[in-house]
């Protein structure tokens with residue numbers, strides 16, 4: 025998962041057809057566990073870009089996106105949020121729920 029700076033967020037969200045953005049805080053233990061699960065899931069979707077950013081540095085953006093808590097995974101399509109995950113449950117759960125939301129092109133594996 026590539027770390028993204030707050031100043032880059034708009035450009036990435038607008039330039040990619042579909043993108044995952046993981047929001048976390050460094051002191052959140054659950055966020056660390058969720059990140060490890062996402063790193064596994066990321067390997068299963070080689071065509072889907074995954075980014076991460078510390079929510080502490082984007083408070084206005086988090087409010088505009090109505091982020092309720094962290095960890096949070098956002099799925100954007102054409103610059104719009106199409107799904108939010110707060111409960112990560114397990115790697116299989118994340119894999120299946122992300123797969124359901126993706127266009128077929130992104131489901132292909134290398």
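In our numbering, the protein residues as written are 25 to 134.
No residue lacks a Cβ here, since even glycine has one placed at the ideal position from N, Cα and C.
Query raised in the report: If we count the other Cβ atoms within 10 Å of its Cβ and call it buried at 16 or more, is residue 76 buried or exposed?
Result: Position 52 of the chain shown, counting from 1, holds the residue named residue 76. Residue 76 is buried by the Cβ-count criterion.
Report task. Compute the distance between the beta-carbons of residue 80 and residue 49, then report whether it is under 7 Å. Result -> For the purposes of this step, residue 80 is taken as residue 56 along the chain shown, with counting starting at 1. For the purposes of this step, residue 49 is taken as residue 25 along the chain shown, with counting starting at 1. Yes, the pair counts as a contact, with Cβ atoms nearer than the cut-off.
Query - Nearest neighbour of residue 104, chosen from 89, 118, 57, 32 [CA to CA] - result: Within the chain shown, numbered from 1, the residue matching residue 104 stands at position 80. Per the Cα distances, 89.
Query - residue 58 and residue 112 closer than 7 Å at C-beta - result: The residue given as residue 58 occupies position 34 in the chain shown. The residue given as residue 112 occupies position 88 in the chain shown. Yes, these two residues count as a Cβ contact at 7 Å.
Query raised in the report: Between the C-alpha atoms of residue 69 and residue 32, what's the straight-line distance to the nearest angstrom?
Result: Position 45 of the chain shown, counted from the start, is the residue given in the question as residue 69. Position 8 of the chain shown, counted from the start, is the residue given in the question as residue 32. Spanning the two alpha carbons is a distance of roughly 22 Å.
Requested in this report: Helix, strand or coil for residue 44, going by three-state DSSP, please let me know.
Outcome: The residue given as residue 44 occupies position 20 in the chain shown. It is a strand residue.
Query raised in the report: Under 7 Å between the Cβ atoms of residue 7 and residue 108?
Result: Here the chain covers residues 25 to 134 and nothing more, so residue 7 does not appear.
Query raised in the report: I think residue 25 touches residue 67, with their Cβ atoms under 8 Å apart; what is that distance to the nearest whole Å?
Result: Counting from 1 along the chain shown, the entry for residue 25 is found at position 1. Counting from 1 along the chain shown, the entry for residue 67 is found at position 43. Actually they are not in contact, since the Cβ atoms of residue 25 and residue 67 sit about 11 Å apart, beyond 8 Å.
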